[in-house]
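Peer 1: Here it is, the structure, as structure tokens.
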Amino acid sequence: MKQIYKSHFHTLTFILFSCLGLFASSAVNAQCTFSISTAGSNPNFVQILVLAESDGTIVEVIDGSSGTFTTPLTGSYNVHALNYDPADVPDPLPMAGDMIENVGSISGCFNDNFANDIKPIECLCGIEPLIASFNAMPGYEIIYVLADSTGLILATNTTGMFTAADGLADDTFIHALHYETANPPSPLPSVGLNISDVGTAMMGCFNAEFTTNPLCVLVSPAPADIPIEIIRVCSGNAIFASLDGETPMDATDITFLWYLDGVLVATIDGSPYYSPEVIGNYTVSAFSNTDCTTYIGDIDFPIGEIIDCKDCN
Numbered sequence: 069m070k071q072i073y074k075s076h077f078h079t080l081t082f083i084l085f086s087c088l089g090l091f092a093s094s095a096v097n098a099q100c101t102f103s104i105s106t107a108g109s110n111p112n113f114v115q116i117l118v119l120a121e122s123d124g125t126i127v128e129v130i131d132g133s134s135g136t137f138t139t140p141l142t143g144s145y146n147v148h149a150l151n152y153d154p155a156d157v158p159d160p161l162p163m164a165g166d167m168i169e170n171v172g173s174i175s176g177c178f179n180d181n182f183a184n185d186i187k188p189i190e191c192l193c194g195i196e197p198l199i200a201s202f203n204a205m206p207g208y209e210i211i212y213v214l215a216d217s218t219g220l221i222l223a224t225n226t227t228g229m230f231t232a233a234d235g236l237a238d239d240t241f242i243h244a245l246h247y248e249t250a251n252p253p254s255p256l257p258s259v260g261l262n263i264s265d266v267g268t269a270m271m272g273c274f275n276a277e278f279t280t281n282p283l284c285v286l287v288s289p290a291p292a293d294i295p296i297e298i299i300r301v302c303s304g305n306a307i308f309a310s311l312d313g314e315t316p317m318d319a320t321d322i323t324f325l326w327y328l329d330g331v332l333v334a335t336i337d338g339s340p341y342y343s344p345e346v347i348g349n350y351t352v353s354a355f356s357n358t359d360c361t362t363y364i365g366d367i368d369f370p371i372g373e374i375i376d377c378k379d380c381n
């Protein structure tokens, strides 16, 4: 299905985060609920946790060093931790709908890494393929590591792409090991080890946040699959996906996957139509990027001839 890209990971140096997906409590489709907590903040300061979209738009604010967030939709989010002096409160304080960079833009005493030091969160519709990307420095290499909540390494690669077959699931984590080629840690990450084992025999040179700040992967519960079928347009060559067996389905924010004899031949966003170019048996499935609904067409539609019917669409 669709792939989600993380353009970069962020360094976490001031506050340590932990996150736990609460799959069972996520009763709403296309949303993820998770608990989050921090450690290492100044105990004499006030702590606030902020959930923001990847563009910096603030979604929700929680007072304290722990709490539970629910994402409004699937997608990429960041959790920020604001630690401020109660005698010199940031102006303005974070508010839903405001931007992260505006917090404390007028005055206040607070952690200067508030805007950039984050816990990245990815809320998925089902177990979609996920691609993470870390910008390596010259002379350094990247190993991507998929681990469970205990740190057990499930899969590693140099591409950043993980799927359900690798163990990608609710409450798993993607770590990026950014290490100096000439001075690698030993052991390097491998399946069956724990992320904490990396560099225990020989430290080498690698990013300190490798263990402490992975991408947290959460999975939204999806509704039951909905059947769809294929209809041919007025004896013409075009075919379309239909829910009622007569009319084209509403394709708003839906991705359609067309298969010929079980092989994917086309991926089309926003349109239920497809024009076959080869005879054979066609099936279609679809995926809603809005509410995580999956539409399944498991009945072959045979195309025995290619018809030139220019007025049929």
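Using our numbering, the letters of the sequence shown map in sequence onto residues 69 to 381.
Think of the CB as a built atom: it goes at the ideal place given N, C-alpha and C, for glycine as much as any other residue.
For clarity, every value in this text was computed on a predicted model and none was experimentally measured.
Do you know how far the Cα of leucine 141 is from the Cα of glycine 313?
Peer 2: Numbered from 1 along the sequence shown, position 245 holds the residue referred to as residue 313. Numbered from 1 along the sequence shown, position 73 holds the residue referred to as residue 141. Cα-Cα distance, rounded: 30 Å.
Peer 1: Confirm, please, whether the CB-CB distance from isoleucine 174 to proline 160 is below 8 Å.
Peer 2: Translated into positions along the sequence shown, residue 160 becomes position 92. Translated into positions along the sequence shown, residue 174 becomes position 106. It is a contact, given that the beta carbons lie within the stated cut-off.
Peer 1: Here's a check: name, in chain order, each residue in its chain whose Cβ is nearer than 8 Å to the Cβ of isoleucine 294, leaving out the five neighbours to either side.
Peer 2: Here residue 294 corresponds to residue number 226 of the sequence shown, with the count starting at 1. Contacts found: Leu311, Thr361, Thr362, Tyr363 and Ile364.
Peer 1: Following the continuous beta strand (DSSP E) through leucine 117, name the residue where it begins and the one where it ends.
Peer 2: On the sequence shown, position 49 is the one that residue 117 refers to. That run of the beta strand (DSSP E) goes 114–121.
Peer 1: Starting from the C-beta of asparagine 112, find all residues in its chain whose C-beta is less than 7 Å away, skip the five residues before and the five after it, and write them out in chain order.
Peer 2: In the sequence shown, counting from the first residue as 1, residue 112 sits at position 44. There are no such residues.
Peer 1: Whole angstroms is fine: what's the gap from leucine 150's alpha carbon to threonine 227's?
Peer 2: Position 82 of the sequence shown, counting from 1, holds the residue named residue 150. Position 159 of the sequence shown, counting from 1, holds the residue named residue 227. Each residue's alpha carbon lies about 33 Å from the other.
Peer 1: How about aspartate 368 and asparagine 349: do their beta carbons lie closer than 8 Å?
Peer 2: If you number the sequence shown from 1, residue 368 lands on position 300. If you number the sequence shown from 1, residue 349 lands on position 281. Result yes, Cβ atoms of aspartate 368 and asparagine 349 sit closer than 8 Å.
Peer 1: Under 6 Å Cβ to Cβ from glycine 267, same chain only, skipping five residues before and after it: list those, please.
Peer 2: The residue you call residue 267 lines up with position 199 of the sequence shown. Residues Pro253 of the same chain have their beta carbon placed closer than 6 Å to that of glycine 267, with the five preceding and five following residues left out of the count.
Peer 1: Quick check on DSSP: helix, strand or coil for glutamate 373?
Peer 2: Position 305 of the sequence shown, counted from the start, is the residue given in the question as residue 373. Of the three classes helix, strand and coil, the one that applies to glutamate 373 here is coil, per DSSP.
Peer 1: Which residue from Gly219, Tyr327, Leu325 and Asp329 puts its Cα closest to that of phenylalanine 278?
Peer 2: Residue numbering aside, residue 278 sits at position 210 when the sequence shown is read from its first letter. Of the listed residues, the one whose Cα sits closest to phenylalanine 278 is Gly219.
Peer 1: Would the segment 172–188 and the segment 204–224 be scored as touching if the rule is three or more Cβ pairs under 8 Å?
Peer 2: no
Peer 1: Would you check if the segment 258–276 and the segment 241–250 touch, i.e. whether three or more CB-CB distances between them fall below 8 Å?
Peer 2: Counting Cβ pairs under 8 Å, three or more are found: they touch.
Peer 1: Answer yes or no: do threonine 323 and aspartate 337 have a C-beta to C-beta separation smaller than 8 Å?
Peer 2: Counting from one through the sequence shown, the residue named residue 323 turns up at place 255. Counting from one through the sequence shown, the residue named residue 337 turns up at place 269. Yes; because the gap between Cβ atoms is below 8 Å, this pair is in contact.
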